[in-house]
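Converting from the sequence shown to this note's numbering requires adding 467 to each position, the first position being numbered 1.
Note that the Cβ used here is the ideal one computed from N, Cα and C, for glycine as well.
All remarks here apply to the structure that follows.
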Amino acid sequence: MALKAVATLVPGGGPPVGGSGTAGKLTKWATTSTLDDSVITQSGAGNIGIGTAIPGDKLTIAGTAGTCVISMVETGVRNWAIRSGGVATNVFDICDLSAAASRIAITSAGNVGIGTTGPSGALDVNGTIRTASYTVGTLPAGVVGQRAYVTDALAPTYLGALVGGGAVLAPVFRNATVWVSA
């Protein structure tokens, strides 16, 4: 349904304002004296859509690959974006636009990449991973597969029991029952 709006810009007289619009569309100034539709829609349920005429959620942003972006700017410092399809089709990512680099990517298969835009496993990290450090005596109860390192191992051997009191920095992981040297 097309709507026509006519109003006066300046109290006490001024040029009339005209234009047409679509029900549910937010109006914008097309020129200094003409109103038109914007890309923003409000549904009867109160949902807001940007780039879509039928928003299905409280906020729906639609676009083609690379255009569905929410940008956040730290003025003079960094420009970040949350994107859908920005780095590749079917990839959601958080991008450092200042450095033109995707920092975290999630594929349609659910794989998460840190420092990579094409993760091939559930978690794919391209870079150094920092884990917690402990002494042998302060290792937590832990869960199977948890990784850390100890700063006081005494002559660690691969998959061997841990003994503290030494000066060796050693990676460790939690097997089904205890922490062992990795």
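| Asked | Found |
| --- | --- |
| Would you say residue 513 and residue 529 are within 9 angstroms of each other, going by their C-beta atoms? | no |
| Would you mind stating whether residue 600 and residue 629 have Cβ atoms separated by less than 9 angstroms? | no |
| So, using beta-carbon positions, are residue 598 and residue 576 closer together than 9 angstroms? | no |
| What residue range does the beta strand (DSSP E) around residue 528 cover? | 526-528 |
| Between the alpha carbons of residue 620 and residue 563, how many angstroms are there, rounded? | 40 angstroms |
| Does the Cβ-Cβ distance between residue 582 and residue 594 come in under 9 angstroms? | yes |
| What separation, rounded to the nearest whole angstrom, lies between the Cα atoms of residue 503 and residue 494? | 6 angstroms |
| Count the other CB atoms within 10 Å of the CB of residue 553; is the residue buried (16 or more) or exposed (fewer)? | buried |
| Measure the alpha-carbon distance for residue 534 versus residue 505 and round it to whole angstroms. | 17 angstroms |
| Any chance you could list the beta strand (DSSP E) runs of at least 3 consecutive residues sitting entirely within the segment 539-577, in chain order? | 545-551, 558-563 and 568-574 |
| With DSSP as the reference, label residue 605 as helix, strand or coil. | helix |
| Check the DSSP bridge columns for residue 516 and list the partner residues they point to. | 508 and 527 |
| May I ask you to report which of helix, strand or coil DSSP gives residue 590? | strand |
| Buried or exposed for residue 645, please, with buried defined as at least 16 other CB atoms from any protein chain shown within 10 angstroms of its CB. | exposed |
| What does residue 623 pair with, by DSSP beta-bridge criteria? | Per DSSP, none; premise fails for residue 623. |
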